[in-house]
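Residue numbers (the working numbering): 2 to 184. We treat Cβ as the ideally placed atom computed from N, Cα and C, and that holds for glycine. Just so it is clear, the structure is predicted and the values come from calculations on it, not from any experiment. All remarks here apply to the structure that follows.
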């Protein structure tokens, strides 16, 4: 048996360990993460706050005007994550994933936050465009749709935190409408 045959399984274990999610520590390597925004997510459960994580799982998010936070999302810990495949990064250079996340974060430290046009989703889209993820173009709408389809809840509590306020509000509205309608 060659030395390379022994090293390959060991290297695969190291890579797998590095990609391991640690929700209790808020570590999500190579992930797009999402958390609800109070009131806005209660009304529209598919709208929330988004960040992108480095290869070591450190979260970066455009949290407000001229501010990109690190490891402290603007609206709390992530409740959903979408783990991306680092093999689909087509940018070159050493560590293109982390380089793209860093460059997007540095750019957004000089931008005004705009809820509708230039927001946390735009920051994540820029990072994914810089790394040429999946060799396609990314924007905030595409990210919202893909995140809605491919993301997973961190826990049952994350699911409840997203949907219970919406369902309670919907129940209250239906109760009022039905009460007024049946009079």
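With contacts defined as CB atoms closer than 8 Å, residue 82 and residue 152 qualify as a contacting pair.
The DSSP-derived three-state label of residue 91 is coil. Here the C-alpha atom of residue 159 lies approximately 15 Å from the C-alpha atom of residue 23. At the C-beta level, residue 167 and residue 66 stay beyond 8 Å of one another. The DSSP-derived three-state label of residue 80 is coil. By the neighbour-count criterion, in which 16 or more other beta carbons inside 10 Å mark a residue as buried, residue 184 falls on the exposed side. Straight through space, the alpha carbons of residue 165 and residue 125 are spaced by roughly 27 Å.
Contact between the segment 135-155 and the segment 99-111 is not established, with fewer than three Cβ pairs separated by less than 8 Å.
For residue 43, the enclosing alpha helix (DSSP H) has its first and last residue at 41-44.
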